[in-house]
Amino acid sequence: MALNSKVSEQEIKQCLFHIGGLKAPGPDGFPEVLHKFKKARGKVGFIAWKIDLAKAYDRLQWHFIQKVLNDIGIEGNLNRLIMNCVSSVQFKVIMNGETSNNFRPKSGIRQCDPLSPYLFVLCMEKLSHIINQKRTEGSWKPVKISRKCPAISHMFFADDLILFGQASMQQAQVMKDCLDIFCELSR
Numbered sequence: 001m002a003l004n005s006k007v008s009e010q011e012i013k014q015c016l017f018h019i020g021g022l023k024a025p026g027p028d029g030f031p032e033v034l035h036k037f038k039k040a041r042g043k044v045g046f047i048a049w050k051i052d053l054a055k056a057y058d059r060l061q062w063h064f065i066q067k068v069l070n071d072i073g074i075e076g077n078l079n080r081l082i083m084n085c086v087s088s089v090q091f092k093v094i095m096n097g098e099t100s101n102n103f104r105p106k107s108g109i110r111q112c113d114p115l116s117p118y119l120f121v122l123c124m125e126k127l128s129h130i131i132n133q134k135r136t137e138g139s140w141k142p143v144k145i146s147r148k149c150p151a152i153s154h155m156f157f158a159d160d161l162i163l164f165g166q167a168s169m170q171q172a173q174v175m176k177d178c179l180d181i182f183c184e185l186s187r
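If you read the sequence shown in full-length UniProt numbering, its first letter stands for residue 1, the second for the next number, and so on.
The structure is reproduced here in C-alpha cells:
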C-alpha cells in the first residue's frame, strides 16, 4: 500500500476495532493516573489540577512569543516574519449595522491561523521548563504510578493542562508558584 493511496472504510474499521481498552483515552486521556489516585493507600495522597487553557490563546503577549522564539534560536528575519504574521491582524466590528474603523489587538494568537498551534505549544513548553526546574530542585513532588514508571508532574492536552503532585499545602504552593511565574513571564 502506498502512502498516497486512499484509505478504505474497511481499513478504518479494522484499525478502530483493534484498539485495546487502555489505548483509548479515558477522562482527559490518562486513565492510569486516575486509577492510581483512586487506589492509592498510605500516608501521602495525590492531587491533580485540571486547567483549561482555552483563553490562553487570546492572552499570549506578543513580546512573550518573540522571547520564546529567541530562546529556541529563531532570530532575525524568520523571527520578524513570524511576528509579522502574528501582529498584522486587523479587526472591524459591526454594531447596529454600522462598521467600525480597523483596530489591531495588542496580544493573542488567532485560533484559525495554521501557525498558532505551533506557537502555542512553544509557549506552553516554557511552562513545562519551569515545572521541570522545580522537579530538579526537589520542591515539586510528582506522582509515580508504580515503582518502575517515571514520575509524572504535568500533561498537556490541546488546550488543557493537568498538574500532578503530592497532596500537601507545600506542594499546592509550589504548583501555584509555577503558574504565577509563567503568568508573570507571559505578560
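Yeah, the Cβ is synthetic: ideal placement off N, Cα and C, and Gly gets one too.
Euclidean distance between Cα positions of Asn99 and Val93:
A small fix is needed here, since residue 99 is Thr in this sequence, not Asn. Going by the C-alpha atoms only, they are around 6 Å apart.
If we ignore side chains and look at the alpha-carbon of each, how far apart do Leu163 and Phe182 end up?
14 Å
Backbone CA spacing between Ala24 and Ile109 [nearest angstrom]:
Only weak support exists for where Ala24 lies, its pLDDT of 47 falling under 50; the coordinates are left without a value.
Identify the residues that DSSP records as bridge partners of Thr99: which are they?
Ile94
Confirm, please, whether the CB-CB distance from Asp177 to Ile51 is below 9 Å.
Taking 9 Å as the cut-off, the Cβ atoms of Ile51 and Asp177 do not count as close.
Cβ-based neighbour list, Trp49, same chain, cut-off 6 Å, excluding 5 preceding and 5 following:
Leu163
Any idea what DSSP makes of Ile109, helix, strand or coil?
coil
Which runs of the beta strand (DSSP E), 3 residues or longer, sit entirely within the UniProt domain "Reverse transcriptase" (47-179)?
154-157 and 160-166
Whose C-alpha, out of Val89, Gly97 and Gln170, is nearest the C-alpha of Gln111?
Val89
Taking all protein chains shown into account, decide if residue 191 is buried (16 or more other Cβ within 10 angstroms of its Cβ) or exposed.
Residue coverage of the chain in this structure runs from 1 to 187, which leaves residue 191 outside it and unanswerable.
With 16 as the cutoff for other CB atoms within 10 Å, does Ser153 come out buried or exposed?
buried
Cβ neighbours of Ala2 in the same chain (closer than 6 Å, five flanking residues each side left out):
No answer about Ala2 holds up, because its pLDDT of 49 lies below 50 and its placement is not dependable.
Length of the line joining the Cα atoms of Gln133 and Pro105:
Those two C-alpha atoms are separated by around 33 Å.
Give me, in chain order, the residues of the same chain whose beta-carbon lies closer than 7 Å to that of Arg135; leave out the 5 immediate sequence neighbours on both sides.
Pro142 and Ser153
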